Amino acid sequence: DSLIAKLIVSGATRAEAIVRARHVLDHFTIEGIPTTLPFLRRIVDDDAFVRGDVDTGFVERMMSEDQADA
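Quick note on my numbering: the sequence shown kicks off at 3 and runs consecutively.
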């Protein structure tokens, strides 16, 4: 199992939870190994995610965009 840590945020509203997630991700550090933190930061900053306009293919599309940018 490659799980190092689990980050859970909550809020009274989706918007509040996203603000909290951004804050925590901006201050969350894991050193010495590659992590998905940059990818998670991109997700919480994505307009479609913020609007709640996501589906089961959302993460796969985000990953495809990352590969296209590489």
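Glycine included, C-beta positions come from ideal geometry on N, C-alpha and C. The structure presented is a predicted model; accordingly, all values stated were derived computationally and were not measured.
Buried versus exposed call for residue i [16 or more other C-beta atoms within 10 Å across all chains shown]
i: Ala23; result: buried
i: Ile45; result: buried
The alpha helix (DSSP H) enclosing residue i, as first and last residue numbers
i: Leu39; result: Leu39 to Asp47
i: Leu5; result: Segment: none, Leu5 is in no alpha helix (DSSP H) and carries neither H nor E.
i: Val61; result: Phe60 to Asp71
i: Asp28; result: Arg16 to His29
Nearest-angstrom beta carbon gap, residue j and residue i [assumed within contact, 8 Å]
i: Phe41; j: Asp68; result: 7 Å
Check whether the stretch 10-29 and the stretch 43-60 touch, using three or more Cβ-Cβ pairs below 8 Å as the test.
yes
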